[in-house]
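Under the UniProt record's numbering, the letters of the sequence shown match residues 1 to 196, in that order. Each residue gets a CB set at the ideal place from its N, CA and C atoms; glycine is no exception.
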Amino acid sequence: MESSNTKHDDSRDGGPNVPYRQIRANYDEETITVYQAYNTTIAAAAVESQLLTASPSFKLTRMTWIKPSWAWMLYRSGYSYKDPGQERILALKMTHGSFIDLLRKSALSHTDVKRDGKEVRVQWDPERDVRLGKLPYRSIQIGIPAGIWALKKTLEERPDVGDEELVDLSLIPCEGEFVVPEDVQDLLGMSAVTTR
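This is the structure we're talking about:
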């Protein structure tokens, strides 16, 4: 079965039917490609080991912005010539599930972070063509906070780590039952007997 991604994508032509906000990406049945630019030290170690955190220069202390749009990444990094810290563009494969999970944890960057309680940020910027010209519709950028990278790294390096230790490391919150009044429990069907 041919994926719609393998056909010509009219959205790059700027036709009248292109939605103002649309996620355009290179993808297959299991993965989606996102892009991020790094310096040579980080990129070379990541490519060699197939692990983004392979270089000690890779820091988990700030938000990382990934882009599914190849042309927008070219624009952002100036074809990788704009800044020595962005001289190598990595194509990172994510499973569809991981990508969707990030989006579910996100909030638009102009919303109140304290109010929405979400740490992943999303912003829509003008899409670009390969000549870096601005197009009349938007492309998504996803800001992944340091904490999510640190959690993923810990889970990969220590698959047997327990939740209690993850709480102690401040990588996950300490959660307990939040008791609601009986009328709310009834409204939500919480007291219904179910089989597992």
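1) Taking Cβ positions, are Q50 and L90 nearer each other than 7 Å?
2) My output table needs one value for S49: the three-state DSSP class, helix, strand or coil.
3) Out of A25, T53, R138 and T41, point me to the one whose CA is closest to T154's CA.
4) Enumerated in chain order, which unbroken segments of the beta strand (DSSP E) with a length of 3 residues or greater are wholly contained in the region 125-165?
5) Leaving aside the five residues before and after V122 along the sequence, list all residues of the same chain whose C-beta is less than 8 Å from its C-beta, in chain order.
6) Taking only the alpha-carbon atoms, compute the straight-line gap between W124 and E182 and give it to the nearest angstrom.
7) From what residue to what residue does the beta strand (DSSP E) around A37 run?
8) Across the region 154-166 and the region 19-38, are there enough close Cβ pairs to call them in contact, namely three or more that are closer than 8 Å?
9) Please state if the CB of P68 and the CB of I100 are separated by a distance shorter than 7 Å.
10) Going straight from the alpha carbon of L171 to that of S98, what length do you get?
According to the structure data:
1) no
2) helix
3) T53
4) 134-144
5) L103, S106, A107, L108, S109, I140, Q141, I142 and G143
6) 42 Å
7) T31 to Y38
8) no
9) no
10) 18 Å
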